[in-house]
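Structure first, then comments.
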Amino acid sequence: MVIGVAAIFITILTLIFPKENFISLASQWDIEKLQDVVEDFGAWGILVFIGIASLKPFLFFPNAFIFIVGGLVYGTILGSIASLTGIMIAFSLCYWLGGRFHHVFMRFVGRKHVIKLQSLKDEEIIRVLFTMRVTPGFPIDAISYGAGLAGIPYNKFVLGSLLGVAPKIVLYTFLGDNINDIFSLQAIIAYISLLLLAILPTWLHKRSDKTQR
């Protein structure tokens with residue numbers, strides 16, 4: 189079903205959105221330009237935004253770019269929902285592609301990383317995916333391709349990914365919603381929260397090591 193929804197978005201965007209605009213957005217990472225594009229579609233803009241977010245792996249946008257625009261255009265709550273919807277479609281699409289086209293994406297992900305994912309115990313999958321999604325600098329789309337290649341159960345893939353990416357989406361969307369007052373108390377709290385999220389995986393790893401000892 190998720191792949192079907194993604195296919196619909198791709199078809200719609202291909203029909204109504206000029207190719208050169210996609211290329212321009214992807215190459216310039218222009219927040220104002222993407223904001224203008226979404227707003228130009230009026231009530232349909234939110235579907236266009238979700239569609240663009242779902243195509244993020246192929247447009248090479250930074251994740252924060254999408255989330256901030258969501259906050260700018262739709263505010264924290266609706267922007268977070270729209271961003272999360274688009275990103276989860278993108279994750280699912282990459283998961284499906286990884287599982288379907290093994291030889292193509294095995295080179296992209298790396299066999300040793302796929303083997304590590306395959307070796308996870310059932311009870312470890314959600315925790316490990318959560319940690320990967322939260323860890324800064326981790327190749328976010330490669331995680332999805334790798335999960336599909338490794339045959340990780342889709343429900344666990346979705347839950348681990350959702351838990352890991354949702355906090356960052358809300359915080360970045362909030363910053364987009366408050367972009368005109370980036371030094372407000374609320375914005376500073378968001379910065380600190382993002383920093384805490386960044387160091388959370390290290391803390392969890394150290395705690396796990398102590399527990400095992």
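Numbering (the working numbering), first residue to last: 189 to 401. By construction, the Cβ of each residue, glycine as well, lies at the ideal position given by its N, Cα and C atoms.
Counting every other CB atom within 10 Å of its CB across the protein chains shown gives Lys244 a total of 16 or more, marking it as buried. The alpha carbon of Ala354 has as its nearest neighbour, out of Ile303, Ala338, Leu272 and Pro341, the alpha carbon of Leu272. For Phe253, the enclosing alpha helix (DSSP H) starts and ends at Asn251 to Arg288.
Contact between the region 304-312 and the region 262-279 is not established, with fewer than three Cβ pairs separated by less than 8 Å. Across the structure, Ser268 and Leu359 are spaced so that their CA atoms are roughly 9 Å apart. One thing to note: Asp365 has its Cβ no nearer than 8 Å to the Cβ of Gly230. Excluding the 5 residues flanking it on each side, Glu227 has same chain C-beta neighbours closer than 8 Å at Gly233 and Val261, in chain order. Contact between the region 284-295 and the region 315-322 is absent: fewer than three C-beta pairs spanning the two stretches fall below 8 Å. For the 8 Å CB-CB criterion, Leu281 and Ser242 form a contact.
Taking a contact as a CB-CB distance under 8 Å, the pair Val316 and Leu308 counts as one, their CB atoms being some 6 Å apart. Burial state of Gly339 is exposed, judged by a 10 Å Cβ sphere holding fewer than 16 other Cβ atoms. DSSP, reduced to helix, strand and coil, places Phe326 outside both helices and strands of the structure shown, so it counts as coil. Within its own chain, the residues whose Cβ lies closer than 7 Å to the Cβ of Phe345, once the five positions on either side in sequence are excluded, are Tyr283, Leu317 and Ala335, listed in chain order. Just measuring C-alpha positions, the residue of Gly263, Phe296 and Ile380 sitting nearest Ile367 is Gly263.
Between the C-alpha atoms of Phe255 and Leu384 there is a straight-line separation of about 18 Å. The three-state reading of DSSP puts Ile340 in coil, since its state is none of H, G, I, E or B.
Counting along the chain, no alpha helix (DSSP H) covers Asp369, and no H or E run does either. For Ala252, the CB contacts under 7 Å within the same chain, skipping 5 residues up- and downstream, are Tyr360 in chain order.
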